[in-house]
Amino acid sequence: MNERAKYVLAKLQEKGLTLASVESVTGGLFGATMTDIPGASKVYVGGIVCYSTELKKKLVGVDPAIIEKHGVVSQQVAVDMVLKARSKLKADIIVSCTGNAGPDVEPDGKAVGRVCLGLYYNNYTWGIPLDLKGSRRAIREDTVDAMLGFVASLFRDVQRKK
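Below you can see the structure in the form of structure tokens.
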């Protein structure tokens with residue numbers, strides 16, 4: 003069982019907050035990691051897995067102009083993923099990932115291991131790029147760990163919901 007995921011779930015419950023995810027490069031691994039923990043349903047509402055660019059546009063509503071300008075593996079797309087998913091997922095915190103786990107460089111030049119995360123909370127958004135190393139599996143697992151760390155970073159300042 004993932005200790006960081008247990009910590010995040012406990013903090014969410016303590017703070018009275020809910021979490022959802024919008025995943026691409028991880029293919030649902032974040033959601034699977036969360037739901038491996040008993041009681042996750044108290045705070046993890048679920049997620050959207052949108053592996054293809056077309057699903058990012060159609061299912062999530064990512065702006066095609068953002069993809070055209072910045073590429074599908076970009077902070078801008080990761081942030082648009084969380085913004086567009088808010089109305090669908092109805093969670094307090096939404097985390098997203100898009101990236102290239104390999105084995106080839108993306109058509110727009112994004113290297114293997116380039117991953118971008120997005121985070122939404124309380125009408126604020128953040129995006130961060132990561133350059134990860136290793137196999138496809140390692141990149142996907144490290145992405146999940148980074149997503150958990152990104153969410154955990156909120157807890158220093160997050161106040162309990164009224």
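Using my numbering, you'd call the opening residue of the sequence shown number 3 and step up by one each time. Every residue, glycine too, gets a C-beta built ideally from N, C-alpha and C.
Assign residue i to one of three DSSP states: helix, strand, or coil.
i	result
I69	helix
R162	Interpretation of R162 is limited by its pLDDT of 48, a score under 50 that renders its predicted location unreliable; the figure taken from the coordinates is listed afterwards. The answer is coil: DSSP assigns R162 none of H, G, I, E or B.
T28	coil
Y46	strand
S98	strand
G41	coil
K13	helix
A7	helix
A103	coil
Can you tell me where the alpha helix (DSSP H) with residue i in it begins and where it stops?
i	result
A22	From DSSP, A22 is part of no alpha helix (DSSP H) but of the beta strand (DSSP E) over L21 to E25.
G151	R138 to A154
Y53	Run containing Y53: none; DSSP gives neither H nor E here.
S76	Unbroken run through S76: none, as it is neither H nor E.
Mind reading off the beta-carbon distance from residue i to residue j? Whole number of angstroms is fine, and I expect it under 8 Å.
i	j	result
D110	D82	That pair is no contact at about 16 Å.
A154	Y9	6 Å
R142	L31	5 Å
T168	V27	It is not possible to answer for residue 168, since the shown part of the chain is limited to 3 through 164.
Measuring alpha carbon to alpha carbon, tell me which residue in the options is nearest residue i.
i	options	result
V97	A113, E16, D106 and G49	G49
G41	I69, E25, V24 and T20	T20
K112	K44, G120 and T100	T100
M149	P131, R158, G136 and S137	P131
P106	L156, R138 and F157	It should be pointed out that residue 106 corresponds to Asp in this sequence rather than to Pro. Comparing Cα-Cα distances from D106 to each of L156, R138 and F157, the minimum goes to R138.
D38	V84, E5, Y122 and H72	E5
G104	K135, F157 and A7	K135
Quick one: give me the first and last residue of the beta strand (DSSP E) that residue i is part of.
i	result
D133	Y126 to D133
L119	R116 to Y123
When you compare the CB positions of residue i and residue j, do they come within less than 8 Å of one another, or not?
i	j	result
V74	C52	no
G120	N102	no
A22	A80	no
K86	V117	no
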